[in-house]
Amino acid sequence: MFFQQIVTWYHSLSPDVLTKAVRVAVTVVLGLFLVRVMAVVTQRYIMRRSTAQRQMVARKAISYAGFFLVLVATLGELGVKLTALLGAAGIVGIAVGFASQTSVSNIISGLFLISEKPFSVGDVIRIGTTTGIIQSIDLLSIKIRTFDNLFVRIPNEKILTSEVTNITRFPIRRIDIVFQVDYGQDLAKVRSVLAGVARENPWSLDEPEPIIMFNEFKESGIEMLLGLWFAKSDFTDLKNSIMQDIFSRFAREGIRFAHPNRLVTVVEGTDITS
Amino acid sequence: MQKTGIGVWDPVEIPQKQCAAWRFPRRSIWVERIESEWHVLTMPERRKSADARSMFVRRNQKPESSEWKHYLQRESGGVQPSPVLPDRPMVIRPDRALTILPSQSTVFYLELPVWFRLSTMGARSARIFEEPLSTLTRTWFGDPVNGELCWGLATRLHHSIDSVEPSSWVAVCPILIENDSDTDLDFEKICVHVENLSIFRGPRRLWANSLNVIFRGPDQASQIEIVRQPPGLEEDLVLVSAAREPSAGWNIRKTFGMLKHFTDF
Numbered sequence: 001m002f003f004q005q006i007v008t009w010y011h012s013l014s015p016d017v018l019t020k021a022v023r024v025a026v027t028v029v030l031g032l033f034l035v036r037v038m039a040v041v042t043q044r045y046i047m048r049r050s051t052a053q054r055q056m057v058a059r060k061a062i063s064y065a066g067f068f069l070v071l072v073a074t075l076g077e078l079g080v081k082l083t084a085l086l087g088a089a090g091i092v093g094i095a096v097g098f099a100s101q102t103s104v105s106n107i108i109s110g111l112f113l114i115s116e117k118p119f120s121v122g123d124v125i126r127i128g129t130t131t132g133i134i135q136s137i138d139l140l141s142i143k144i145r146t147f148d149n150l151f152v153r154i155p156n157e158k159i160l161t162s163e164v165t166n167i168t169r170f171p172i173r174r175i176d177i178v179f180q181v182d183y184g185q186d187l188a189k190v191r192s193v194l195a196g197v198a199r200e201n202p203w204s205l206d207e208p209e210p211i212i213m214f215n216e217f218k219e220s221g222i223e224m225l226l227g228l229w230f231a232k233s234d235f236t237d238l239k240n241s242i243m244q245d246i247f248s249r250f251a252r253e254g255i256r257f258a259h260p261n262r263l264v265t266v267v268e269g270t271d272i273t274s
Numbered sequence: 275m276q277k278t279g280i281g282v283w284d285p286v287e288i289p290q291k292q293c294a295a296w297r298f299p300r301r302s303i304w305v306e307r308i309e310s311e312w313h314v315l316t317m318p319e320r321r322k323s324a325d326a327r328s329m330f331v332r333r334n335q336k337p338e339s340s341e342w343k344h345y346l347q348r349e350s351g352g353v354q355p356s357p358v359l360p361d362r363p364m365v366i367r368p369d370r371a372l373t374i375l376p377s378q379s380t381v382f383y384l385e386l387p388v389w390f391r392l393s394t395m396g397a398r399s400a401r402i403f404e405e406p407l408s409t410l411t412r413t414w415f416g417d418p419v420n421g422e423l424c425w426g427l428a429t430r431l432h433h434s435i436d437s438v439e440p441s442s443w444v445a446v447c448p449i450l451i452e453n454d455s456d457t458d459l460d461f462e463k464i465c466v467h468v469e470n471l472s473i474f475r476g477p478r479r480l481w482a483n484s485l486n487v488i489f490r491g492p493d494q495a496s497q498i499e500i501v502r503q504p505p506g507l508e509e510d511l512v513l514v515s516a517a518r519e520p521s522a523g524w525n526i527r528k529t530f531g532m533l534k535h536f537t538d539f
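Those protein sequence lines, which keep their order, are chains X and B. Those letters in the first sequence? Residues 1 to 274, by this note's numbering. Those letters in the second sequence? Residues 275 to 539, by this note's numbering.
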């Protein structure tokens, strides 16, 4: 019954309508196919040597421009007058513009970010309390994968107005380990032990030299800083091994970490209740 | 198989279920063959003897360890141990600071520690594994943005080949340094791109290509020539390992390190 209705409807169509339908279908299918091919060819071959970020921007620019052209061509095939449509679109655009100020702000911020290039896809960044690897930089937002595998979307406007730390921008970094040693320690020995720990650690660079500093006289002990340089990919290995090395070497050498303590002196003959 | 000295680099046939060991002063390498798998273990050594030796060991004498690595390689036949140079540039820090005056030149012999590579010798020679034979430190050469990660080595500068002990785990690299500038060359460290160098085997020593380095001034990169021919200081030198990254003719690179880039806290 339903099938017969379709057959009847099909026979009622004029040849012009059929031709138009075929042309529209060909325009859409071929247009989308060409856009896809151009995007892939640009990304894989033409911009093969570019960074992942540039490849992504080029692919998206080609895709958006291509989709717009396919839409215009399809509407043209359907006989829609584009001048009237564009006029109407202008009026609608003003209304939509007022309603989507945040989005526009994000888009403009995204353009600034793309031109300023404070980071690129694959970098590890920290924004506020979020640290992760950049998955994509889009017109409205950037997408981050955190180290505990969470997907975080941050609007571009927020990035532009926040402090962003690019952790992997430079090939080497320094890790600062701050701790306190007891006041009764031989500081020359502490320094020598720390220098040995740094020298023997396989992940620590010997040039730039490790930094050993006595920071401050604190309430319970002397605060020290051990700064070690490392290749950016070795962060976890270095951090785990150096903490373990310091702890075991201090234990072996009899060096004590500082613990909070209070010295209470009671003067004889003083009535503390009065 | 019982080899000592430079003979440890001879090819060897390891039968099925047999274990072979190469023992160097700072590292020993144990290799066992089971079916198409090669089981490999490297262990640190603290031997006083500077000599190296290779031998078969009984399976019950092989070290018990959870660190054995297993490599699948179906190629049958013997295996070829070869000395190869490290995979990154090496920053050599001489045991003493030296100043080369303008228009002066001098020749040094650098001792470059080699890595151990084991390859099959069948129709298709294939690498099984590579292991360092000594512990190298990691170091950075250049400024923190544009420098490069290197292996660091503190070593003695030899002015004469006679003072270099013959060794099977160190390749000798003759290096000619010419100060072609108006300033003194305060030689604190030198970056040698060992990945561009080949290794030659002689009757007593291993050799790397000779280098000619021309220093143009502290603000300019040095000109470096890798001499293609084997060093002429020992006869019957045979190429045993080609350079990881062959380099043609003259190179221009920052080679000498004199300025501290990291004095800022």
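Built from N, CA and C at the ideal position, the CB exists for glycine as well.
Check whether the Cβ of residue i lies closer than 7 Å to any Cβ atom in chain X.
i: B/L386; result: no
i: B/T429; result: no
i: B/P418; result: yes
i: B/L423; result: yes
i: B/V286; result: no
i: B/W414; result: yes
i: B/T537; result: Because B/T537 sits at a pLDDT of 34, beneath the cut-off of 50, its placement in the model cannot be relied upon, and the following sentence gives the value as read from the coordinates. Chain X, which has no Cβ nearer than 7 Å to the Cβ of B/T537, makes this no.
i: B/G279; result: no
i: B/G506; result: no
i: B/T373; result: no
Which value, in whole angstroms, describes the spacing of the CA atoms of residue i and residue j?
i: B/Q347; j: X/H259; result: 56 Å
i: X/F147; j: B/T316; result: 33 Å
i: B/P355; j: B/I473; result: 13 Å
i: X/W9; j: X/T19; result: 16 Å
i: B/L392; j: B/V466; result: 24 Å
i: X/V96; j: X/L69; result: 22 Å
i: B/R300; j: B/W389; result: 12 Å
i: X/F214; j: X/I246; result: 16 Å
i: B/P505; j: B/H432; result: 16 Å
i: X/T74; j: X/F67; result: 10 Å
i: B/F536; j: X/L205; result: Any answer about B/F536 is weak, because its pLDDT of 38 lies below 50 and its placement is not dependable; what the coordinates show is given next. C-alpha separation (whole angstroms): 12 Å.
i: X/V124; j: X/G184; result: 42 Å
i: X/W229; j: B/I303; result: 31 Å
i: B/E405; j: B/D369; result: 26 Å
i: B/D510; j: X/R59; result: 59 Å
i: B/V358; j: B/V314; result: 18 Å
i: B/K534; j: B/V419; result: Residue confidence for B/K534 is low, a pLDDT of 41 falling below 50, so the modelled location carries little weight and cannot support an answer.
For residue i, count the other beta carbons within 10 Å of its own beta carbon; 16 or more makes it buried, fewer makes it exposed. Which is it?
i: X/G110; result: buried
i: X/W275; result: The question about residue 275 of chain X has no answer, for chain X in this structure spans 1 to 274.
i: B/A326; result: buried
i: B/F539; result: Only weak support exists for where B/F539 lies, its pLDDT of 40 falling under 50; the coordinates are left without a value.
i: X/S233; result: exposed
i: B/Y234; result: The question about residue 234 of chain B has no answer here: the residues shown for chain B are numbered 275 through 539.
i: X/G221; result: buried
i: X/Q5; result: exposed
i: B/K463; result: buried
i: X/R48; result: exposed
Compare the C-alpha of residue i against each of the options and name the closest.
i: X/V181; options: X/D123, X/E223 and X/I167; result: X/E223
i: B/G421; options: X/N149, X/L140 and X/F170; result: X/F170
i: B/R333; options: B/F298, B/R367 and B/K291; result: B/K291
i: X/L280; options: X/P155, X/I255 and X/G128; result: The shown model of chain X, from 1 to 274, leaves out residue 280 of chain X, and the question about it has no answer.
i: B/R607; options: B/F330, B/V438, B/P299 and B/P448; result: Outside the shown range of chain B, which is 275 to 539, sits residue 607 of chain B, and nothing can be said about it.
i: X/I137; options: X/K239, X/P210, X/F235 and X/R54; result: X/R54
i: X/M56; options: X/L85, X/G97 and X/I134; result: X/I134
i: X/V37; options: X/E77, X/I62, X/E157 and X/I94; result: X/I62
i: B/A294; options: B/A324, B/S323 and B/Q335; result: B/Q335
i: B/E338; options: B/S310, B/V305 and B/D369; result: B/V305
i: X/K239; options: X/R173, X/R59, X/A251 and X/V26; result: X/R173
i: X/N156; options: X/K143, X/L78 and X/A39; result: X/K143
i: X/P208; options: B/G281, B/W414 and B/R370; result: B/W414
i: B/P360; options: B/S328, B/G396, B/I308 and B/C424; result: B/C424
i: B/L513; options: B/R490, B/R479 and B/V487; result: B/R479
Would you say residue i reaches chain B, if we count a Cβ-Cβ gap shorter than 7 Å as a contact?
i: X/A251; result: no
i: X/A195; result: no
i: X/D123; result: no
i: X/D176; result: no
i: X/F170; result: yes
i: X/A231; result: yes
i: X/L205; result: yes
Got a sec, what are the start and stop residues for the beta strand (DSSP E) residue i sits in?
i: B/P418; result: From DSSP, B/P418 is part of no beta strand (DSSP E); its letter is neither H nor E.
i: X/Q180; result: I172 to D182
i: X/G93; result: Run containing X/G93: none in the beta strand (DSSP E); it sits in the alpha helix (DSSP H), L82 to A99.
i: X/L225; result: G221 to A231
What residue range is occupied by the uninterrupted alpha helix (DSSP H) comprising residue i?
i: B/F489; result: It is not in any alpha helix (DSSP H) - B/F489 instead sits in the beta strand (DSSP E) that spans L485 to F489.
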